[in-house]
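If you number the sequence shown the way this note's numbering does, the last residue is 310 and the count never jumps. Glycine is no exception: its CB is placed at the ideal position from the N, C-alpha and C atoms. Because the structure is a prediction, the values reported are computed rather than measured. In what follows, a structure is listed as structure tokens, so that the remarks can point back to it.
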Amino acid sequence: MTFWLNSVSVGIVLGTPLAYAALGELIAERAGVMNLGVEGMMLIGAVVGFIVTVRTQNAFLGMAGAVVAGAALASVHAVMTVGLRVNQIVMGLTLTILGAGLSAYLGAGYAGRRPGGEINAIPIPVLSQLPVIGSVLFNHDVFVYAVPFIAIGIWLLIYRTRFGLWLRAAGEQPAAADASGVPVFLIRYLAVIVGGGFAGLAGAYFSVVYTRSWAEGMTGGRGWIAIALVIFGTWNPIVVLVGALIFGFVDGLNFQLQSVGVPVSSHLLAMMPYVFTLVVLIITWTRLRRRRVGMPEALGLPYEREAR
């Protein structure tokens, strides 16, 4: 029982940054912009968040700095893809490489250091004392508690507000939306930049909250997993959150199996979450090919007003 409870607890923690990154990517894709630079933005967020935390001794300032850093890198993607209509896939891959290299350069002097600031778990009164599930579900940090409310908030924004209608229109029929007076370009800029801020926050969660250390490439390809989760969740924020927690559980299971000394190569165990994601993606994509469930029609396509 303890093994499984620990796996769930670790899974919630590991699923949290994935959820933030995936929700940010969902916002960008809902506006019609594919951002394959999530991994690079997570790495930039991780290193900037860690540096700011070390220098200020304040972890919350570090997280805020990570949001700004991720949004700044995303603004480059927005200008190039929305404004200059550069190929979105090529630009995203470029930013992933740039983010990896720049984060390695900026963090070169910070490997092995420990930040002074700390974001502690906050036990929820009464609920954290519940038998079995209390310490598993109700003894986490503020970012874990916030993510389900953020996912619900994004769902309400997309489906229950005028801005959400504009966001979906920009990703579905940008020409028709533009003709109706919807500021398509502005919405796409905002969506990409906000998505980058979420990615930066996700990266900093690894360096500032979870590991409290910096290491080159520490996000381990989870930016790509976040992109896959958007497809898995059929562009629905609630389903994306559930997918992130499932992946987090599988990832946590990997760590728990290693800790109890299961006689299987650690490399094979480390592959487990990614193989799981690949299988789920194949199943989801097969379903999407039959019915374009949730997928924005103009996703990945640059919009040119002159061609309207």
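Approximately 22 angstroms separates the beta-carbon atoms of residue 153 and residue 285; this is outside 8 angstroms, ruling out the contact.
Distances from the CA of residue 165 to each of 14, 244, 32, 67 were compared; the closest alpha carbon is that of 32.
With a cut-off of 8 angstroms on Cβ pairs, the stretch 8-25 is in contact with the stretch 191-201, counting three or more such pairs.
DSSP, reduced to helix, strand and coil, places residue 124 within a strand of the structure shown. Per DSSP, residue 79 has no beta-bridge partner at all. The beta carbon of residue 235 is closer than 6 angstroms to those of 241, 242, 245 in its chain, skipping five residues each way along the sequence.
DSSP places residue 27 inside the alpha helix (DSSP H), whose first and last residues are 4-32.
For residue 141, the beta-bridge partners assigned by DSSP are 125.
DSSP, reduced to helix, strand and coil, places residue 133 outside both helices and strands of the structure shown, so it counts as coil. Per DSSP, the unbroken alpha helix (DSSP H) holding residue 107 starts and ends at 90-108.
Residue 144 sits away from residue 168, with the two beta carbons spaced by 7 angstroms or more. Of the candidates 277, 233, 112, the residue whose Cα lies closest to the Cα of residue 51 is 112. Taking a cut-off of 8 angstroms for Cβ pairs, the stretch 39-48 and the stretch 169-178 do not touch, as fewer than three such pairs fall below it.
Taking all protein chains in view, the Cβ of residue 224 is crowded by 16 or more other Cβ atoms within 10 Å, so the residue is classified as buried. Spanning the alpha carbons of residue 257 and residue 131 requires a straight line of approximately 26 angstroms.
The three-state secondary structure of residue 215, taken from DSSP, is coil.
For residue 168, the enclosing alpha helix (DSSP H) stretches over residues 164-174.
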